[in-house]
Amino acid sequence: MMRNEKMCSLRRAMNLSQREVAEAVGISQSSYAMIEGGYRHPRKEVEKKLADFFNVTVDELFFGEDFSTAGSTEGSGKGKAEGESEQP
Numbered sequence: 007m008m009r010n011e012k013m014c015s016l017r018r019a020m021n022l023s024q025r026e027v028a029e030a031v032g033i034s035q036s037s038y039a040m041i042e043g044g045y046r047h048p049r050k051e052v053e054k055k056l057a058d059f060f061n062v063t064v065d066e067l068f069f070g071e072d073f074s075t076a077g078s079t080e081g082s083g084k085g086k087a088e089g090e091s092e093q094p
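The working numbering numbers the first residue of the sequence shown as 7 and each following residue consecutively.
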């Protein structure tokens with residue numbers, strides 16, 4: 007497993023410690039550290055709690071979808087390279 011860079015980036019952007027996130031979702035700090043470090047994959051219910059906490063989807067948080075535009079109306083032309091426009 008690879009380190010969950012998305013989870014780490016989101017946590018740091020919120021200026022939170024691993025312990026603070028762990029407490030918010032009801033797991034131990036060591037479990038959270040193992041998940042963020044890529045040593046353990048969480049149970050489905052913990053996946054959902056973490057995604058909800060970070061305000062992203064489970065897929066965005068754990069399966070590599072881009073979360074930088076989550077909730078944005080921009081980027082509706084998914085699959086287009088930056089700078090490309092959709093044909094009418």
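Heads up, the beta-carbon is just placed ideally off N, CA and C, and yes, glycines get one too. Remember, predicted model here, so these are calculated numbers, not experimental data.
query: 8 Å CB neighbourhood of Ala19 in its chain, flanking five on each side removed; result: none
query: Local Cβ density within 10 Å of Phe69, reported as buried at 16 or more and exposed below that; result: exposed
query: 4-residue-minimum alpha helix (DSSP H) runs that sit fully inside the region 36-73, ordered along the chain; result: 50-60 and 64-68
query: CA-to-CA distance, Val52 to Arg58, given in whole angstroms; result: For clarity, residue 58 is Asp in the given sequence; the question names Arg instead. Cα-Cα distance, rounded: 10 Å.
query: Host alpha helix (DSSP H) of Leu22 (start-end); result: Run containing Leu22: none; DSSP gives neither H nor E here.
query: Close Cβ partners of Asn21 (< 8 Å) along its chain, the five nearest in sequence each way excluded; result: none
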